[in-house]
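Student:
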Amino acid sequence: MEELLNLSPDIDPLEYKERLEWSQNSLNQFKIFFSKNPNRVFFRNKPRSLLPPGPHILISPEAQCKCLGYDYYRKGSLVSASRVLRGECLKPLQCNKIGIEQSYSASIWALDGTPCKHPVISPWRWLASIVIPILFAIWGLKRRSLNLSGAVLGLFVGFFVTISNYAHLSCLIAFFVTSTLATKFGAKKKKKLETDFKEGGQRNWVQVLCNGGMALQLALLYLLDVGCGERPIDFVKDYRSSWLSIGIIGAFSCCNGDTWASELGTALGNGDPFLITSRRKVLRGTNGGVSWIGLIMSLLGGLTVGISYYFTVLYTVDSVILQQAPPQWPIIIIGGIGGFFGSFLDSILGATLQYSGVNEFGQIVERPGKGVKHICGRQILDNHSVNLLSSIGIALTLPGLANCIWP
């Protein structure tokens with residue numbers, strides 16, 4: 001790590017004065033920012049030639065970086081990215097040559113909108129990542145929307161999604177709560193149409209994995225690649241975190257849109273749906289069957305996920321960083337697109353690669369058998385694998401679309 005300041009004893013007094021004024025102005029900017037945004041200023045190890053444009057600050061050698069009860073100090077080099085410089089550790093610059101000679105420089109990334117790559121996970125985030133998934137797992141068991149295996153796997157999904165980003169957690173909550181309510185809506189009507197109907201849904205670990213598995217993987221990549229914390233969507237300055245976050249929005253909006261379309265579309269629709277591949281009328285509950293009310297519900301389901309992410313970003317991200325970032329409202333539109341096209345892709349796969357038939361009682365079945373009349377599809381995939389492939393497809397394609405249309 002190179003020395004950023006190495007002034008010789010015979011330095012020109014005018015140059016010395018200019019550097020001192022510049023460093024003092026930077027220090028004042030930092031103090032103003034820090035007073036409004038405590039614990040939000042981070043530093044990164046980089047040579048001087050790689051520092052981004054923007055304000056820098058000279059820190060006296062007495063300054064120390066404290067984090068979670070221990071001290072970190074490195075003289076003559078940039079401060080590590082994972083260290084947070086706390087306000088009480090700042091020392092006013094010495095108004096003499098010795099103070100400047102022994103100082104070192106660090107980029108104030110928060111001032112130019114570039115977040116820390118690996119911020120330290122706070123105890124409160126650890127606590128929230130444990131408590132919140134437990135509370136929702138208990139709620140899901142009581143509402144019979146999860147069985148025991150689904151609740152156990154849901155704890156792991158919830159833990160990593162929560163610890164990565166609270167906005168990711170809000171997407172998970174929006175999906176889980178609204179899909180649970182949608183499943184319970186019109187239960188009597190669905191019971192007559194579906195042979196495998198379960199009160200409340202009672203999702204097992206396979207269903208949890210297929211609906212939340214892609215989001216779980218993206219949350220893990222988010223943690224490994226960019227660390228934890230809430231960030232605005234900004235494909236120019238923060239491409240990777242934006243890509244991963246949009247992917248998580250896509251995964252949850254796809255699953256939520258499909259759930260709203262199937263559950264609410266079946267409960268609210270009066271007429272028979274049409275097969276998405278041929279547009280011929282089919283019985284309600286047929287894989288690949290869609291209705292106009294179902295398509296509208298899929299759009300609304302995706303919008304719900306996008307809205308939850310949008311308001312979480314507004315609440316958790318510093319206002320200074322939000323002002324420097326692009327507008328965040330397209331998140332809502334992206335969520336709606338994910339919900340609509342996620343349900344559309346699910347219907348295409350269901351109509352072609354998933355078996356649908358009707359038994360002698362007029363109920364839709366997914367396996368051929370005695371007295372079962374074939375409606376559409378081949379017995380290649382089941383409902384779980386269709387959901388998994390749909391969420392993967394939307395999660396991988398939606399970030400590219402968002403990057404193209406983001407203002």
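In full-length UniProt numbering, the protein residues as written are 1 to 407. Built from N, CA and C at the ideal position, the CB exists for glycine as well. Just so we're clear, the structure is a prediction, and the values are computed from it rather than from any experiment.
In its own chain, which residues sit with a C-beta less than 6 Å from the C-beta of TRP205, not counting the 5 before and 5 after it?
Tutor: For the purposes of this step, residue 205 is identified with residue 205 of the sequence shown, where counting begins at 1. Within the same chain, TRP205 has close Cβ partners SER149, GLY150 and LEU153.
Student: Can you tell me the Cα-Cα spacing of CYS171 and THR183, whole angstroms?
Tutor: Translated into the one-based positions of the sequence shown, residue 171 becomes position 171. Translated into the one-based positions of the sequence shown, residue 183 becomes position 183. Cα to Cα, the separation comes out at about 18 Å.
Student: With H, G and I counted as helix, E and B as strand and the rest as coil, what does DSSP make of VAL358?
Tutor: Within the sequence shown, the letter at position 358 stands for residue 358. Strand.
Student: As an exercise, report each continuous alpha helix (DSSP H) stretch of at least 4 residues that is fully enclosed by the region 115 to 170, in chain order.
Tutor: Runs found: 123 to 142 and 148 to 164.
Student: HIS374 bridges to which residues according to DSSP?
Tutor: Along the sequence shown, one-based indexing puts residue 374 at 374. Beta-bridge pairing links HIS374 to GLY357.
Student: Under three-state DSSP, which class holds VAL365?
Tutor: In the sequence shown, counting from the first residue as 1, residue 365 sits at position 365. Here VAL365 sits in strand by DSSP.
Student: Using the Cβ count rule (16 or more neighbours within 10 Å means buried), how would you classify GLU230?
Tutor: Residue 230 sits at position 230 when you count from the first residue of the sequence shown. Label assigned to GLU230: buried.
Student: Taking CB distances under 9 Å as the criterion, tell me whether PRO368 reaches chain B.
Tutor: The structure shown contains no chain B, having only a single protein chain.
Student: Could you please give the first and the last residue of the uninterrupted alpha helix (DSSP H) stretch that includes GLU263?
Tutor: Locating residue 263 in the sequence shown gives position 263, where the first residue counts as 1. Where GLU263 is concerned, the enclosing alpha helix (DSSP H) stretches over 239 to 268.
Student: Taking 9 Å as the cut-off, decide whether the C-beta atoms of GLY339 and GLY302 are in contact.
Tutor: Taking the sequence shown and counting its residues from 1, the one referred to as residue 339 is at position 339. Taking the sequence shown and counting its residues from 1, the one referred to as residue 302 is at position 302. Result yes, Cβ atoms of GLY339 and GLY302 sit closer than 9 Å.
Student: Quick check on this structure: which residue in PRO273, GLY335 and ILE321 has the alpha carbon closest to the alpha carbon of SER347?
Tutor: Taking the first residue of the sequence shown as position 1, residue 347 is located at position 347. It is PRO273.
Student: Would you call the CB atoms of ILE307 and GLY342 closer than 9 Å?
Tutor: Here residue 307 is taken as the residue at index 307 of the sequence shown, counted from 1. Here residue 342 is taken as the residue at index 342 of the sequence shown, counted from 1. No, these two residues do not count as a Cβ contact at 9 Å.
Student: What is the DSSP secondary structure of ASN236, reduced to helix, strand or coil?
Tutor: Numbered from its first residue, the sequence shown carries residue 236 at position 236. One detail in the question is off: residue 236 reads as Val in this sequence, not Asn. VAL236: coil per DSSP, three-state reduction.
Student: Below 8 Å CB to CB, which residues in the same chain sit around SER49 once its five sequence neighbours on both sides are set aside?
Tutor: As a first step, residue 49 must be located in the sequence shown, where it is residue number 49. Here SER49 scores only 35 on pLDDT, less than 50, and its place in the model is too uncertain to base an answer on.
Student: Could you work out which residue in ILE233, GLY357, SER241 and THR180 is closest to VAL208 when comparing CA atoms only?
Tutor: Position 208 of the sequence shown, counting from 1, holds the residue named residue 208. For VAL208, the nearest C-alpha among the options comes from THR180.
Student: Do VAL313 and PHE252 have their C-beta atoms within less than 9 Å of each other?
Tutor: Sequence index remark: in the sequence shown, residue 313 carries index 313 (1-based). Sequence index remark: in the sequence shown, residue 252 carries index 252 (1-based). Not closer than 9 Å, so no.
Student: Do the region 258 to 277 and the region 313 to 327 touch if we need at least three Cβ pairs shorter than 8 Å?
Tutor: No: the two stretches stay apart, fewer than three of their Cβ pairs being nearer than 8 Å.
Student: Just to confirm my understanding: we take SER129, look at its own chain, exclude 5 residues before and 5 after, and list those with CB closer than 7 Å. What are they?
Tutor: For the purposes of this step, residue 129 is taken as the residue at position 129 of the sequence shown. Around SER129: PHE159, THR162 and ILE163.
Student: Applying the 10 Å Cβ sphere with the 16-neighbour rule, what's the burial state of PHE361?
Tutor: Working through the sequence shown from its first residue, we reach residue 361 at position 361. Label assigned to PHE361: exposed.
Student: Using 8 Å for Cβ pairs, my map puts VAL386 next to GLY350. What's the rounded Cβ distance?
Tutor: To locate residue 386, count along the sequence shown from 1; it is residue 386. To locate residue 350, count along the sequence shown from 1; it is residue 350. Yes, VAL386 and GLY350 are in contact; Cβ-Cβ is about 5 Å, under 8 Å.
Student: Going by other Cβ atoms of all chains shown within 10 Å of its Cβ, with 16 needed for buried, is CYS404 buried or exposed?
Tutor: Position 404 of the sequence shown holds residue 404. Exposed, because fewer than 16 other Cβ atoms sit within 10 Å of the Cβ of CYS404.
Student: Could you check where the alpha helix (DSSP H) with GLY212 kicks off and where it finishes?
Tutor: Counting from 1 along the sequence shown, the entry for residue 212 is found at position 212. Start and end: 205 to 226.
Student: Spatial neighbours of SER242 within its chain, please: C-beta separation below 7 Å, excluding the five flanking residues on both sides.
Tutor: Mapped onto the sequence shown, residue 242 falls at position 242. So the list reads ILE233, ASP234 and PHE235, once near-sequence residues are dropped.
Student: Kindly indicate which residue of ARG203, HIS168, ASN165 and ILE380 has the alpha-carbon position closest to the one of GLY140.
Tutor: Here the question's residue 140 lines up with position 140 in the sequence shown. Considering only alpha carbons, the answer is ARG203.
Student: What's the call for HIS56, buried or exposed, on a 16-neighbour Cβ count within 10 Å?
Tutor: The count along the sequence shown starts at 1 and reaches residue 56 at position 56. Residue placement at HIS56 is flagged as unreliable, the pLDDT there being 38, under the threshold of 50; the coordinate-derived value follows with that caveat. By the 10 Å Cβ count, HIS56 comes out buried.
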